[in-house]
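Residue numbers for the sequence shown follow full-length UniProt numbering, so the first one is 1 and each next one is one higher. Every residue, glycine too, gets a C-beta built ideally from N, C-alpha and C. Structure, as structure tokens:
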Amino acid sequence: LPAAMSLAETASESAPFFSEDSEGEEPGGSAGRRPPEEEPPSGVSSVRALLTVLILCYINLLNYMDRFTVAGVLPDIEQYFGIDDGKSGLLQTVFICSYMFLAPAFGYLGDRYNRKVIMSVGIMFWSLVTLASSYTPKEVSVCLVGVGEASYSTIAPTIIADLYVKGQRTNMLSVFYFAIPVGSGLGYIVGSQVGGAAQDWHWALRVTPGLGLIAVLLLLFVVKEPIRGAIEDRPEDHTQRTSWLADLQALSKNYSFVLSTFGFTAVAFVTGSLALWAPTFLFRAAVFTGERPPCSEGNCASSDSLIFGVITCVTGVLGVASGVQVSRQLRTRTARADPLVCAAGLLLSAPFLYLAIVFAQASTTATYVFIFFGETFLSMNWAIVADILLYVVVPTRRSTAEAFQIVISHLLGDAGSPYMIGVVSDSLRRTDSFLWQFRSLQLSLLLCSFVAVVGGGFFLATALFIEGDRDRATNHAPTGETDEPIVVPQSGRSTRVPVSSVLI
Numbered sequence: 001l002p003a004a005m006s007l008a009e010t011a012s013e014s015a016p017f018f019s020e021d022s023e024g025e026e027p028g029g030s031a032g033r034r035p036p037e038e039e040p041p042s043g044v045s046s047v048r049a050l051l052t053v054l055i056l057c058y059i060n061l062l063n064y065m066d067r068f069t070v071a072g073v074l075p076d077i078e079q080y081f082g083i084d085d086g087k088s089g090l091l092q093t094v095f096i097c098s099y100m101f102l103a104p105a106f107g108y109l110g111d112r113y114n115r116k117v118i119m120s121v122g123i124m125f126w127s128l129v130t131l132a133s134s135y136t137p138k139e140v141s142v143c144l145v146g147v148g149e150a151s152y153s154t155i156a157p158t159i160i161a162d163l164y165v166k167g168q169r170t171n172m173l174s175v176f177y178f179a180i181p182v183g184s185g186l187g188y189i190v191g192s193q194v195g196g197a198a199q200d201w202h203w204a205l206r207v208t209p210g211l212g213l214i215a216v217l218l219l220l221f222v223v224k225e226p227i228r229g230a231i232e233d234r235p236e237d238h239t240q241r242t243s244w245l246a247d248l249q250a251l252s253k254n255y256s257f258v259l260s261t262f263g264f265t266a267v268a269f270v271t272g273s274l275a276l277w278a279p280t281f282l283f284r285a286a287v288f289t290g291e292r293p294p295c296s297e298g299n300c301a302s303s304d305s306l307i308f309g310v311i312t313c314v315t316g317v318l319g320v321a322s323g324v325q326v327s328r329q330l331r332t333r334t335a336r337a338d339p340l341v342c343a344a345g346l347l348l349s350a351p352f353l354y355l356a357i358v359f360a361q362a363s364t365t366a367t368y369v370f371i372f373f374g375e376t377f378l379s380m381n382w383a384i385v386a387d388i389l390l391y392v393v394v395p396t397r398r399s400t401a402e403a404f405q406i407v408i409s410h411l412l413g414d415a416g417s418p419y420m421i422g423v424v425s426d427s428l429r430r431t432d433s434f435l436w437q438f439r440s441l442q443l444s445l446l447l448c449s450f451v452a453v454v455g456g457g458f459f460l461a462t463a464l465f466i467e468g469d470r471d472r473a474t475n476h477a478p479t480g481e482t483d484e485p486i487v488v489p490q491s492g493r494s495t496r497v498p499v500s501s502v503l504i
């Protein structure tokens with residue numbers, strides 16, 4: 001029966017634009033030709049699979065490096081345009097909103113067409129618009145940058161899921177998500193240092209576009225599209241595509257997916273707020289305590305951005321690695337290990353972030369120490385949340401699930417949190433003195449600790465449903481509108497019958 005369920009066709013070595021076929025060899029092959037025995041079910045060799053992960057990691061690093069370059073030069077931008085905290089926060093919000101609303105469209109395409117081509121076009125567009133935005137730094141340019149990034153972030157994790165399973169998948173997702181904190185940290189460093197060296201913050205935005213074009217070439221000539229779901233030994237009929245509305249209905253009933261998405265939304269809220277405002281907050285604290293003179297020229301917070309960038313890189317690596325390792329050890333004791341580790345990371349980060357904000361006026365060293373521990377615990381979630389989504393959602397819905405997790409987490413998380421922090425800061429500021437510039441931002445940032453605790457609660461709720469949802473995804477068999485015909489040999493002929501008949 002499994003052999004009969006395979007399609008007797010071989011995909012071409014290079015899939016056409018928007019082809020629905022994978023570039024890997026289909027199981028079964030064509031008559032008279034057998035694929036090499038060592039060929040993985042995904043159709044991608046082990047060496048090429050590893051190169052694919054490294055290339056996707058490189059692109060993810062560029063993605064976050066570009067996103068947080070603005071935060072590294074935010075005081076310079078505020079001074080250049082003469083804008084307040086509310087309008088500064090709106091820069092990040094405009095970008096996230098475009099990225100968020102286009103994610104479902106790319107999720108739909110990613111579940112149905114050639115993912116490599118979609119990503120290549122999106123990254124090419126992103127690189128060109130990013131370069132253009134350095135010459136016309138307006139909201140519309142920032143918005144268009146989000147269009148390019150939406151094409152990549154919804155699709156890349158699903159390719160990794162089709163190349164590896166179980167422990168190997170977790171390890172490769174760890175490599176992929178190392179790029180988020182490391183890229184973010186490099187964004188602060190590049191933004192502040194390149195802007196300072198050029199004495200013009202515009203040049204900080206011109207570093208990543210060239211690197212993005214290199215990423216497009218690597219995607220087109222090195223990455224190979226894997227066969228969807230083949231690595232998980234799923235029968236062909238179990239990976240039939242369903243309608244978009246059917247996918248949404250199924251995802252809405254997947255409580256582990258829904259609750260972990262809300263938990264990840266809290267992570268996005270906190271990281272989005274800190275990413276944009278932390279260097280500026282540290283600079284204002286130094287001005288308030290007299291450690292530094294007020295900003296009168298460009299390159300205002302370069303040292304704070306540099307230090308915060310290094311901390312973000314280091315804590316990201318430590319947090320992602322420790323989160324995966326703790327989860328792996330805890331899985332031997334409980335099947336609910338992943339959401340419990342995510343909950344612990346958020347709940348432990350909350351008090352350290354609170355102390356970092358409160359101690360800013362008393363001790364800069366203590367502030368950096370508390371930020372270090374708070375960001376380390378916060379970073380424990382990245383790879384684990386992605387792994388949860390991939391094993392509680394069936395392969396043909398993963399890009400859609402990734403897209404809607406992006407929509408929800410950004411809509412309620414970092415799309416509004418930088419702007420919210422800025423607006424609250426402006427509303428609390430009584431005068432424009434250095435004292436109230438610092439104090440108002442300090443009080444508004446305390447929201448981060450509260451949101452972290454709420455997010456921990458959502459992950460604890462996820463632990464109640466994780467086992468059942470994982471079993472349902474693993475043993476998923478299509479029913480109803482997904483009953484697609486399969487091939488069953490009868491008397492030397494192939495007869496097409498409904499899936500449900502075979503299952504009965």
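A distance below 6 Å between beta-carbons, with the five flanking residues on each side excluded, links S174 to the following residues of its chain, in chain order: V320, V324, A383. Counting every other CB atom within 10 Å of its CB across the protein chains shown gives A350 a total of 16 or more, marking it as buried. Contact between I159 and T52 holds: their C-beta atoms lie close to 7 Å from each other, under 8 Å. In this structure, DSSP gives T242 a state outside helix and strand, which the three-state scheme calls coil. For A473, the closest C-alpha among the options A401, A362, G107, Y391 is that of Y391. Around the beta carbon of Q249, a 10 Å sphere encloses fewer than 16 other beta carbons of the protein chains shown; the residue is thus reported as exposed. With a cutoff of 7 Å on beta-carbon distance, D162 and I231 are scored as near each other.
Straight through space, the alpha carbons of L389 and I408 are spaced by roughly 14 Å. The C-beta separation of G272 from G413 comes to about 6 Å, placing the pair in contact by the 8 Å criterion. Separation of the CB atoms of I118 and F106 is rounded to 7 Å, and the pair is thereby assigned contact status at 8 Å. Positions of the alpha helix (DSSP H) runs, each at least 4 residues long and wholly inside the region 249 to 314, are given as 255 to 288 in order along the chain.
E402 carries a helical assignment under DSSP once its states are collapsed to helix, strand and coil. Distance from the CA of S327 to the CA of R333, rounded to the nearest whole angstrom, comes to 10 Å. Distance from the CA of N254 to the CA of S151, rounded to the nearest whole angstrom, comes to 24 Å. If the five residues before and after M172 are omitted, its C-beta is found closer than 8 Å to the C-beta atoms of V53, I160, L163, Y164, all from its own chain and listed in chain order.
For R472, the uninterrupted alpha helix (DSSP H) segment begins and ends at 466 to 474. A residue is called buried once 16 or more other Cβ atoms fall within 10 Å of its Cβ, and P226 is buried on that count. Per DSSP, reduced to three states, the secondary structure at R429 is coil, with no helix or strand assignment. Fully enclosed alpha helix (DSSP H) runs of no fewer than 4 residues occupy 337 to 358, 364 to 378, 382 to 392, 398 to 409 of the region 324 to 411, in order along the chain. Straight through space, the alpha carbons of G187 and Y58 are spaced by roughly 14 Å. Remark: C-beta atoms of T315 and T364 do not approach each other more closely than 7 Å.
Between the alpha carbons of S127 and T208 lies a distance of about 7 Å.
Of the candidates R228, F178, G455, I180, the residue whose Cα lies closest to the Cα of P41 is R228. The Cβ atoms of I357 and L445 lie closer than 7 Å to each other. The beta-carbon separation of L62 and G212, rounded to 6 Å, stays under the 8 Å limit for a contact. In this structure D471 is exposed. Its beta-carbon is surrounded by fewer than 16 other beta-carbon atoms within 10 angstroms. The C-alpha of D432 is placed about 17 Å away from the C-alpha of L282. Apart from the 5 residues on each side of it in sequence, L428 sits with its Cβ closer than 7 Å to the Cβ of S440, L443, S444 in its chain, given in chain order. Here G167 is exposed: its Cβ has fewer than 16 other Cβ atoms, across all protein chains shown, within 10 Å. F438 and R284 do touch by the CB rule: their CB atoms are close to 4 Å apart, below 8 Å. Out of F257, Y64, V194, V129, the CA that lies nearest to the CA of F465 is found in F257. Counting of Cβ neighbours within 10 angstroms places F221 among the exposed residues, the total staying below 16. M65 is a Cβ neighbour of G183, given a cutoff of 7 Å.
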